[in-house]
Amino acid sequence: MIKLFPREESFLPQFARAAEIILEAAKALDQLAADFTDVELKVARIKHLEHEGDQVAHQTFGLLSRTWITPIDREDIHALVKALDDVLDYLDAAAARLVLYRIPAPTPALKLATAILVQSAEAILRASGLLGDLKNSAAILEICVEINRLENEADSLNRISIGKLFETEKDPIVLMKWKEIYEVLEAATDCCEDVANVFEQIVLKSS
Amino acid sequence: MIKLFPREESFLPQFARAAEIILEAAKALDQLAADFTDVELKVARIKHLEHEGDQVAHQTFGLLSRTWITPIDREDIHALVKALDDVLDYLDAAAARLVLYRIPAPTPALKLATAILVQSAEAILRASGLLGDLKNSAAILEICVEINRLENEADSLNRISIGKLFETEKDPIVLMKWKEIYEVLEAATDCCEDVANVFEQIVLKSS
Amino acid sequence: MIKLFPREESFLPQFARAAEIILEAAKALDQLAADFTDVELKVARIKHLEHEGDQVAHQTFGLLSRTWITPIDREDIHALVKALDDVLDYLDAAAARLVLYRIPAPTPALKLATAILVQSAEAILRASGLLGDLKNSAAILEICVEINRLENEADSLNRISIGKLFETEKDPIVLMKWKEIYEVLEAATDCCEDVANVFEQIVLKSS
Chain A
2 MIKLFPREES FLPQFARAAE IILEAAKALD QLAADFTDVE LKVARIKHLE
52 HEGDQVAHQT FGLLSRTWIT PIDREDIHAL VKALDDVLDY LDAAAARLVL
102 YRIPAPTPAL KLATAILVQS AEAILRASGL LGDLKNSAAI LEICVEINRL
152 ENEADSLNRI SIGKLFETEK DPIVLMKWKE IYEVLEAATD CCEDVANVFE
202 QIVLKSS
Chain B
2 MIKLFPREES FLPQFARAAE IILEAAKALD QLAADFTDVE LKVARIKHLE
52 HEGDQVAHQT FGLLSRTWIT PIDREDIHAL VKALDDVLDY LDAAAARLVL
102 YRIPAPTPAL KLATAILVQS AEAILRASGL LGDLKNSAAI LEICVEINRL
152 ENEADSLNRI SIGKLFETEK DPIVLMKWKE IYEVLEAATD CCEDVANVFE
202 QIVLKSS
Chain C
2 MIKLFPREES FLPQFARAAE IILEAAKALD QLAADFTDVE LKVARIKHLE
52 HEGDQVAHQT FGLLSRTWIT PIDREDIHAL VKALDDVLDY LDAAAARLVL
102 YRIPAPTPAL KLATAILVQS AEAILRASGL LGDLKNSAAI LEICVEINRL
152 ENEADSLNRI SIGKLFETEK DPIVLMKWKE IYEVLEAATD CCEDVANVFE
202 QIVLKSS
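Chains as they are written, first to last, in the numbering used here: chain A, 2 to 208; chain B, 2 to 208; chain C, 2 to 208.
See below:
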């Protein structure tokens, strides 16, 4: 069972697969925000993607358990799987709340937040495709800077959205619903930053 | 101070003790939901159990600091103590809110959630009793599947409870209180799943 | 790039710097609670401190990546940087909400909470100044006990503040705002306890 010299490729395709699923879920949420029809069906698809991501995470942890010497530090593999899984969980949590809270229509703030998430997910997928080669270090670090910038943007957007919500929304229950949706989306972007931080660690350690 | 060859028993009784305290607290909360009298007194007892759990966690971390070679990976011991402690923290947090928010009566959703927590706690205790022997690997993995199933059940229940709350409860402050209680209970079940995930890691690594 | 025998001093000044920034931010928040004028300006200063703290954390992680043999266990350095960063994040988050929610005036509960945070931050700074010498073990452990006591105090205060809020505040939106501010301040004190727990680990391992 124990592989003494696993090839680096064993883990990398797992990370790429997780990144692909995240991008698919972010795009699905963004498209839902743009075309708010068949909400339950589209949310169910995001839930399905979240389950797929769970399986990938589970497989990667299993692989980690059976691998003695890993190409990347064990703690970094663990942190990466966790962070990728968290992004997907929050994407699913945001989508689920659209149904659960019977949201009648999207807001401009929702659309802006999901657009940032698509960009972050694209950046994560690009970086995960570069991880296999040390020559790509500079390119990966650049993508990490971009993901950090997107997180700052999402953070500003979130504060503006919530500030506006408290100014204009007088129904406390409606306010509560949207506040939570914006916060969950912000949390998803935070987790994208966590992913970027692990990428950076991996690059720094190998340099 | 440093034990070169600690016997596996040093850590296992600590995990079993933590699991026993969790089961006791889950049962106390479940009984409170069934018989909603002397609420403050019963909540104080759960708080007391939480303090006991803190001491067990503290002792286990102390033992870990003084032990050089551990029978189980250090990171897994750390994660297990943390996850067990988190379950208890959330059980206590849910109980405390019943007093803090002056909840007048339990809801059917509360009773269902505490019943799932008792089942999860029983499963955790059973698994922790099997950890000492590699022959039990299959049985432990089966219990982990059960804990995951219970978490999915709690998750569905939580979504139904909160959906119903938003449909029927028109007082935003009452809604806020129950929403938080349901979410804290859900978080407790999530942490039971974290415990199961560490059990699984331990079994996979030793196989 | 890799330092085989880094001097302990490489990490300690980083921890001390982070602790200084935390104390500065806690004092700034406490002074804001005492003199509630120029709120936006004072909150912007705390945000600035949070950015400074981010840079220190980033540098320390960079140093950790380039250091092969560390004077303190890698996992403890990692946990310490994370916990110090979290304290600052929550201080900033509490301050930001005073502006975001257009809070008109501080409450006695706010002042009590920020006073506890100043005391906790002072204790953290004192302990971080003692880390360099094993002879200080007993003094560090004493400070950790004090930080734990302060966290219990903050926890009690939080429950009293929130209980009173639900009793007296009938506007659900105002209630929501203050509840969150109190909770974020409580979370900041929780993270001070996390810092103390890492200090304790470091001392126990080296004894």
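Glycine included, every Cβ here is placed at the ideal spot set by N, Cα and C.
Predicted, not measured: the structure shown is a model, and the values here were computed from it.
- With a cutoff of 8 Å on beta-carbon distance, A:I22 and A:L50 are scored as near each other.
- Annotation: A:L132 to A:E123 spans about 15 Å, alpha carbon to alpha carbon.
- By alpha-carbon distance to C:T61, the top candidate from C:K28, C:L13, C:E152, C:A26 is C:L13.
- Against chain B, a Cβ distance below 8 Å from C:F167 picks out L101, Y102, R103, I174, K178.
- Within the segment 39 to 114 of chain C, the runs of alpha helix (DSSP H) that reach at least 4 residues and sit entirely inside it are, in chain order, 40 to 67, 75 to 101.
- Straight-line spacing of the CA atoms in B:T38 and B:A116 works out to 18 Å.
- Among the residues facing chain A, B:R67 is not included, as its CB has no counterpart in that chain under 8 Å away.
- Listed along chain C, the residues sitting closer than 9 Å to B:F62 by beta-carbon distance are N198, E201, Q202, L205.
- Relative to the Cα of B:L113, the nearest Cα in the group B:R18, B:A20, B:K28, B:Q15 belongs to B:K28.
- Taken through DSSP and simplified to helix, strand or coil, B:S129 comes out as helix.
- At a cut-off of 8 Å between C-beta atoms, C:I70 does not count as an interface residue with respect to chain B.
- The C-beta distance from B:V40 to B:L33 rounds to 7 Å, short enough to fall under 8 Å.
- Residues of chain B with a Cβ closer than 7 Å to the Cβ of A:A140 do not exist; the shortest Cβ-Cβ separation is about 31 Å.
- In this structure, the alpha-carbon of B:E147 lies about 29 Å from that of B:H59.
- The DSSP-derived three-state label of A:E170 is coil.
- The C-alpha of C:A17 lies about 18 Å from the C-alpha of C:L92.
- In this model, B:L135 and A:K180 are separated by some 48 Å (Cα to Cα).
- In this structure, the alpha-carbon of A:K165 lies about 20 Å from that of C:L42.
- Buried is the label assigned to B:R98, since at least 16 other Cβ atoms lie within 10 Å of its Cβ.
- Here the alpha carbon of C:A155 sits roughly 43 Å from the alpha carbon of B:A140.
- The beta carbon of C:A20 sits no closer than 8 Å to any beta carbon of chain A.
- Residue-level contact check: C:A94 does not touch chain A, since none of the beta carbons of chain A fall below 8 Å from its beta carbon.
- A straight line joining the alpha-carbon of C:S157 with that of C:I144 spans about 20 Å.
- Neighbours of A:R75 in chain C, taken as residues whose beta carbon is under 9 Å from its own, are absent, since the nearest beta carbon is some 11 Å off.
- The beta carbon of B:K206 lies closer than 7 Å to those of D74 in the same chain, with the five residues before and after it left out.
- Interface annotation, A:A188: not in contact with chain B, CB-CB separation never under 8 Å.
- Scanning chain C for C-beta atoms nearer than 9 Å to the C-beta of B:A97 yields R160, reported in chain order.
- In summary, A:G54 is buried, with 16 or more beta-carbon neighbours lying within 10 Å of its beta-carbon over all protein chains present.
- Look at C:S208 here: in three-state DSSP terms it is coil, with no helix or strand label.
- Under the 8 Å Cβ criterion, the segment 76 to 95 of chain B counts as touching the segment 186 to 196 of chain B, having at least three qualifying pairs.
- Secondary structure note for A:D31: its alpha helix (DSSP H) is the uninterrupted segment 13 to 35.
- By the neighbour-count criterion, in which 16 or more other beta carbons inside 10 Å mark a residue as buried, A:K178 falls on the buried side.
- One Cα belongs to C:V57, the other to C:R160, and the distance between them is close to 33 Å.
- Along the segment 119 to 135 of chain C, none of the residues has a CB nearer than 7 Å to a CB of chain B.
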